[in-house]
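S.K.:
Numbering (this note's numbering), first residue to last: 438 to 1120.
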């Protein structure tokens, strides 16, 4: 099987178009749609001269008196110099007198509006309305959150060449100031193509920071420091012992008593986290809860450090003991791989994730069941381990979700097919005895008024018919049936996914026994990510679990989040395994971020815990504001927030968030399916 999506292809810019009641901005790569209502139908005029002073991919102009955003959004207003003037109050009204402003009104797509008028912004539980007072010309600029490598570097496997290649990754940073902690200011490093000689185009010249990392000349050390070198803008150089060199007068050993990998991990987390705190002293800042709790314990003044050079700032950060900040850190992605030459092309993707890199040997038992498990389970071959890396989403509960990710999954993601139509979902049932799940799913996928879906249901497919389903371009395939050693069972035989010449579906759920190997084949052929099973699953359990996963995916939860939630609340959840790029989502959250609420009661007091997950466009350095009356602070994500004491007036906001997952009595519920009475709150 050959991968159909190797290399880099051109991207599709967002499309700004008129709808019957306003406008829609469609991202044809991320498959996202952002709808805004206007007071009357508007005409969209494409242009390239809006004057919006921010990076945008598409521009247009409309004339309207009002813009209504589909969620309770914070709106940020900037003057023409880029200085942030105000952040709208999501609990009330924010007003600006007549003037020239640029509004950040982003949702599932990054969106700016340029206006010259007065502005009144009012939010309620599920809408944000912007009133300009009179019919006004509004300049719109849209940008996809999709990150695309700017090109490629050709390198040999020579240690010196690989060091130079990694040193060039920081050319993708849009700044070396603390704002680099914002995901939107960290570009994707160039991809690596193995060749007979080193070729680094001049466009990938790194910034001059005065920082370098010296390591023994071996692949293991290079792999471990790659994300740190990318973030710091550090050159990677050979040295007898690993150390961080900060200018000409300061260095730090990277081999303390905890070991090289742990030391680099702490340094990466500490630098990124403190950048998040210090960036609040810049022109675009939010009231960050972590800064509020930690600022008095830091060994430096945040405003002073904000204006320091990269060398001076890093020295200031190193004065802070790691244990002071450790409990405040967001959850961090970890990647495990063997330090071999064939893993060199993974390095730009590890850097882009700011992943913690571990190079200890990966065993089958670390990820799934060994060959000595009970009958009916799947044993992962050592060859599949060697041909991929393991990605883990760790959280502070000491649990983790792991995904086996081959290189093809990363390439498939950055080269997604450009499509502007509805989200295309295929639901397949290849066994009449499993029709219960088939029927249950009929009303699950596509029951969103805000997003157009095209859901096709099929049953009793032949080998060739099922092959066509996997080969055609689609967003998601939900397969119900049987999987055996020969492949997917069809009415006239078996389809082995390894025999497919190409795979066109982006993501999948294979809700059939021991479907893991077939899932790997779909990734190799062209898919980005999916969920499969490692062992035999009882039909009743499969129906319940498959329906729960479908509900979460339809609400906009990414694959890894859906897997995490069903593992917590399903007896057979451990049998479902993540494959490929776990941050892949097939739909979008109406409020922007996938959030899981758990509710507890202590006496007369109700408390919420919020677990905020990341997606492709929401990574380390992002923030989340709960919009509760009891708190209006921003929190770094991904992580669990709380417990937060909740007032009665907060609960309607939660239940109106139909895309939120609420854990109640060990059951996953949609926000708008939970009543006041069920949790003992009187309306």
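Just so you know, even glycine gets a beta-carbon here, dropped at the ideal spot from N, CA and C.
Because the structure is a prediction, the values reported are computed rather than measured.
#1: So, do the segment 569-581 and the segment 506-514 have three or more beta carbon pairs nearer to each other than 8 Å?
#2: In angstroms, rounded to a whole number, what distance separates the CA positions of residue 683 and residue 708?
#3: May I ask you to list the residues that DSSP assigns as paired with residue 1043?
#4: At what residues does the alpha helix (DSSP H) containing residue 515 begin and finish?
#5: When DSSP labels each residue in this structure, what does residue 1053 get in the three-state scheme?
#6: If you check the beta carbons only, do residue 589 and residue 630 fall under 8 Å apart?
#7: Would you tell me roughly how many angstroms separate the C-alpha atoms of residue 522 and residue 1081, rounded to the nearest one?
#8: Report all residues from its chain with a CB closer than 7 Å to the CB of residue 759; omit the five preceding and five following residues, and keep chain order.
#9: Check the C-beta distance from residue 826 over to residue 842 and give it rounded, since I have them as a contact under 8 Å.
#10: For residue 674 versus residue 568, is the C-beta spacing smaller than 8 Å?
#11: Measure the C-alpha to C-alpha separation of residue 532 and residue 508 and round it to an integer number of angstroms.
#12: Under three-state DSSP, which class holds residue 809?
#13: Rounding to the nearest angstrom, what Cα-Cα distance links residue 644 and residue 613 in this structure?
#14: Check this for me: beta carbons of residue 785 and residue 626, under 8 Å apart or not?
#15: Going by DSSP, which residues form a beta bridge with residue 830?
#16: In this structure, how does DSSP classify residue 632 when only helix, strand and coil are distinguished?
#17: Would you kindly work out how many angstroms separate the C-alpha atoms of residue 783 and residue 754, rounded to a whole number?
#18: Measuring alpha carbon to alpha carbon, tell me which of 672, 1002, 1029 ends up nearest residue 598.
#19: Report all residues from its chain with a CB closer than 7 Å to the CB of residue 680; omit the five preceding and five following residues, and keep chain order.
#20: Give the C-beta separation of residue 739 and residue 732 to the nearest angstrom, bearing in mind that I take them to be a contact with Cβ-Cβ under 8 Å.
#21: Just the Cα atoms here: how many angstroms apart are residue 773 and residue 497?
#22: Using only the alpha-carbon positions, how far apart do residue 1049 and residue 668 sit?
#23: Give me the DSSP bridge partner(s) of residue 651.
#24: Return the Cβ separation of residue 989 and residue 979 in integer angstroms, given the expectation that the two are a contact with Cβ distance under 8 Å.
#25: What would DSSP say about residue 408, mapped onto helix, strand or coil?
#26: Is the Cβ-Cβ distance between residue 941 and residue 901 less than 8 Å?
#27: In three-state terms, what does DSSP make of residue 725?
#28: So residue 1005 is in the alpha helix (DSSP H); what residue range does that whole segment cover?
#29: Report the three-state DSSP secondary structure of residue 1080 (helix, strand or coil).
#30: Can the beta-carbon of residue 924 be found less than 8 Å from the beta-carbon of residue 934?
#31: Does the Cβ of residue 761 have 16 or more other Cβ atoms within 10 Å, making it buried, or fewer, making it exposed?
#32: Is it the case that the Cβ atoms of residue 890 and residue 880 are separated by a distance below 8 Å?
#33: Return the chain-ordered list of same chain residues with a C-beta closer than 7 Å to the C-beta of residue 787, the five sequence neighbours on each side being excluded.
#34: What is the DSSP secondary structure of residue 927, counted as helix, strand or coil?
#35: Which partner residues does residue 568 have in the DSSP bridge list?
#36: Of all the options 544, 543, 536, which has the alpha carbon lying nearest to the alpha carbon of residue 557?
M.R.: To lay it out plainly:
#1: no
#2: 13 Å
#3: 1038
#4: Looking at the DSSP string, residue 515 is not in any alpha helix (DSSP H); the run it does join, the beta strand (DSSP E), is 513-515.
#5: coil
#6: yes
#7: 29 Å
#8: 703, 707
#9: 6 Å
#10: no
#11: 19 Å
#12: For residue 809, the pLDDT reaches just 32, beneath the cut-off of 50, and the residue's location in the model is therefore unreliable, leaving the point undetermined.
#13: 8 Å
#14: yes
#15: 770, 838
#16: coil
#17: 29 Å
#18: 672
#19: 651, 688, 689, 690, 691
#20: 6 Å
#21: 45 Å
#22: 24 Å
#23: 674, 680
#24: At roughly 16 Å, the Cβ-Cβ gap does not stay under 8 Å, so residue 989 and residue 979 are not in contact.
#25: Given a span of 438 to 1120 for the chain in the structure shown, any question on residue 408 remains unanswerable.
#26: no
#27: strand
#28: 996-1006
#29: strand
#30: yes
#31: exposed
#32: no
#33: 663, 664, 772, 794
#34: strand
#35: 503, 557
#36: 536
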